[in-house]
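Residue numbers (the numbering used here): 914 to 1574.
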């Protein structure tokens, strides 16, 4: 299997018995392992596509605040938001299949608010938001924990609750009689979560959603000896000014909302589990409005709804999250349950070899899901609309284009408004990137049906020519049906908009060189990467990359208040969306190795928190580090993030009492 032949799907799981031990796991040998056979989803995307555009787009309503905690005299907006498991109609009902079991956020105690994607948190500039994030992944009748919906690889460097307090947040040790030992089975225990508000700048470290600050649900049957919290959960509970409010199964975070008005989103960030937890459903929009970097009401089309609305209800600002998923014939989510190495390489799985048995390098589903529905449609009036678009996929890059050539007027990205509107024929969005756009349907005839296309590949994104997505399935995203306007459009035409001025960061205090790398097996490089890593250079100043793992010592330690340029050298074959917690940055330029640099792409002129780093190039970004604390930077291809392509970094002095890595 060549690197470029990454499987969309895994292989059948192997049998065996997992025996848990403190400090690791061992497997009792049960004889020869069965040779896996190729298996994918039992429901084809082509079959689902036969029913596409049969349901209206759902628009996420506003998340309600905690009961009794939203009086006008309070100093902040208070929420209690839980993650729960529930059924939802993701697939077209005409298929007569069971609803899909998903996870999602909702207002605790209000079952009608739980949704995939979650309701939108509406925040006001400089008015803090306080959220009690609750892990409620347990059976409401018994209080017992609910196992994961998807296969969890226990051989990665992950939260590892079975390791107990001493060995949590570690890569477990597996022992057995080799060769011939069967690889470990998927973990079936209680699920760790910790929520990260993606793009929130200048947040205290205790509220950032650090991957080792996870916690299990407060279930009645947590197995004896399991760690119920991550290493940094305990540390942050002691250091947080809100630590007294933390309790089993929950943590309380505070968001300052003192950055530019923009589109953020929240999702899980547990160590080694993010790809699976997010794929199961927990994610939602978080919008910051107001302040000097916003526009007055009425200038832009519409506003977000305060209640649940479908199409055609007078909502002219619509948040849209696009994701790819796959499904089984019973309506359930499909995700690979093995790495899928060919039989002749089966002995290379852990514990006899270095390959994680379940983790896959990337995942690409065959169904496009928009706001929690497979291939919906939306009615749009003959007027201007504001779409806040998020690529919420695990690995898939999107190239969005209207099939009638209607342009997007991009007015903002990850960090708020651009310096000026940009007319674009297509939008390239990596996982986690956002685009704030205006589309003008005023001159489109009533009755027209427009398809939002995806021209991105059904595989890893590179810098060269690529085959577009399957036009019968993932090449189409949703349909827009044009209807007559019901009222006069008083919003400003996009080409006449004057957007808020952007204050540049100024001169840098330091330049830091970092690297993107892949790790291969010396005995079977043709089997693809063992892991994908971040790193530096060896020695500093050389051109030799030094790949580093999650638990290697801190190498990025900017001073509080400093401004740095990071030069991201991509030594892999694919593009990676690189995300830094805690900061919004400027994209300075990109430079192919040994060639002149080029300026940022259209739509990158403002502030961002996620940037595409193409292969064989140096991507330069500039940022200021305002608050001290421990944060992370990582690739936002979630499969990469979960297997070593994430590193901690420290702003300011490293405290002596911080947990020892």
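Beta carbons are placed, not taken as given, at the ideal position from N, Cα and C, and that holds for glycine.
Query: Proximity to residue 1547 [Cα-Cα], best of 970, 988, 1036 and 1111; Result: 1111
Query: Any 3 or more C-beta pairs closer than 8 Å across the region 1500-1514 and the region 1307-1321; Result: no
Query: Proximity winner among 1333, 1387 and 1399, relative to residue 1406 (alpha-carbon distances); Result: 1333
Query: Backbone secondary structure at residue 1532 - three-state DSSP; Result: strand
Query: C-beta contact flag for residue 1046 and residue 1194 at 7 Å; Result: no
Query: Residue 1567 burial status per 10 Å Cβ neighbour count (16 or more: buried); Result: exposed
Query: Beta strand (DSSP E) segments (min. 3 residues) lying fully within the region 1343-1405; Result: 1347-1353, 1362-1367 and 1389-1396
Query: Backbone secondary structure at residue 1099 - three-state DSSP; Result: coil
Query: Segment contact flag, the region 1124-1144 with the region 1062-1075, C-beta cutoff 8 Å, min 3 pairs; Result: yes
Query: Beta strand (DSSP E) runs contained entirely in the region 1175-1244, provided each spans 3 or more residues; Result: 1175-1181, 1196-1202 and 1230-1240
Query: Separation of residue 1423 from residue 1228, as counted between CA atoms; Result: 46 Å
Query: Residue burial classification, residue 1151 (beta-carbon count within 10 angstroms, cutoff 16); Result: exposed
Query: Enclosing beta strand (DSSP E) for residue 1461 [first to last residue]; Result: 1458-1461
Query: Buried or exposed (CB count within 10 angstroms, at least 16 for buried), residue 1091; Result: exposed
Query: N-terminal and C-terminal residue of the alpha helix (DSSP H) that residue 958 is part of; Result: 958-962
Query: Endpoints, beta strand (DSSP E) assigned at residue 1418; Result: Looking at the DSSP string, residue 1418 is not in any beta strand (DSSP E), and its letter there is neither H nor E.
Query: Nearest to residue 1565 (by Cα), restricted to the options 1467, 1244 and 1148; Result: 1467
Query: For residue 862, the residue or residues it bridges with in DSSP; Result: In this structure the chain extends from 914 to 1574, so residue 862 is not present and cannot be described.
Query: Cβ pair residue 1358, residue 1203 closer than 7 Å; Result: no
Query: Beta-carbon contacts of residue 1473 that lie in its chain and below 8 Å, excluding the five residues immediately before and after; Result: 1538, 1539, 1540, 1541, 1564 and 1565
Query: Anticipated Cβ contact below 8 Å, residue 1421 with residue 1476, distance rounded; Result: 5 Å
Query: Delimiting residues of the alpha helix (DSSP H) encompassing residue 1551; Result: 1551-1554
Query: Test item: CB-CB of residue 1214 and residue 1298 under 7 Å; Result: yes
Query: Cross-strand partners of residue 1501 (DSSP beta bridge); Result: Answer is none; residue 1501 lacks a bridge partner.
Query: Beta-carbon gap between residue 1274 and residue 1442 smaller than 7 Å; Result: yes
Query: Under the three-state DSSP convention, the category residue 1301 falls into; Result: strand
Query: Chain-order list of residues whose beta-carbon lies under 6 Å from that of residue 1493 (same chain, five-residue window excluded); Result: 1546
Query: Proximity below 7 Å, CB of residue 1554 to CB of residue 1187; Result: yes
Query: Residue range of the beta strand (DSSP E) that includes residue 1165; Result: 1163-1168
Query: Range of the contiguous alpha helix (DSSP H) that encloses residue 1268; Result: Per DSSP, residue 1268 belongs to no alpha helix (DSSP H) and is neither H nor E.
Query: Separation of residue 1086 from residue 937, as counted between CA atoms; Result: For residue 937, the predicted structure reports a pLDDT of 34, less than 50, and the residue's modelled location is therefore unreliable. A value from the coordinates is still provided. Between residue 937 and residue 1086, the C-alpha separation is close to 5 Å.
Query: Simplified DSSP state of residue 1018, which is helix, strand or coil; Result: strand
Query: First through last residue of the alpha helix (DSSP H) which encompasses residue 1079; Result: 1077-1080
Query: Opposing strand residues paired with residue 946 [DSSP bridges]; Result: Answer by DSSP bridge pairing: none, since residue 946 is not bridged.
Query: Contact check, residue 996 vs residue 1106, beta carbons under 7 Å; Result: yes
Query: Nonlocal neighbours in the same chain, by C-beta distance under 8 Å from residue 1033, ignoring five residues either side; Result: 973, 974, 975, 976, 1197, 1198, 1199, 1200, 1217 and 1232
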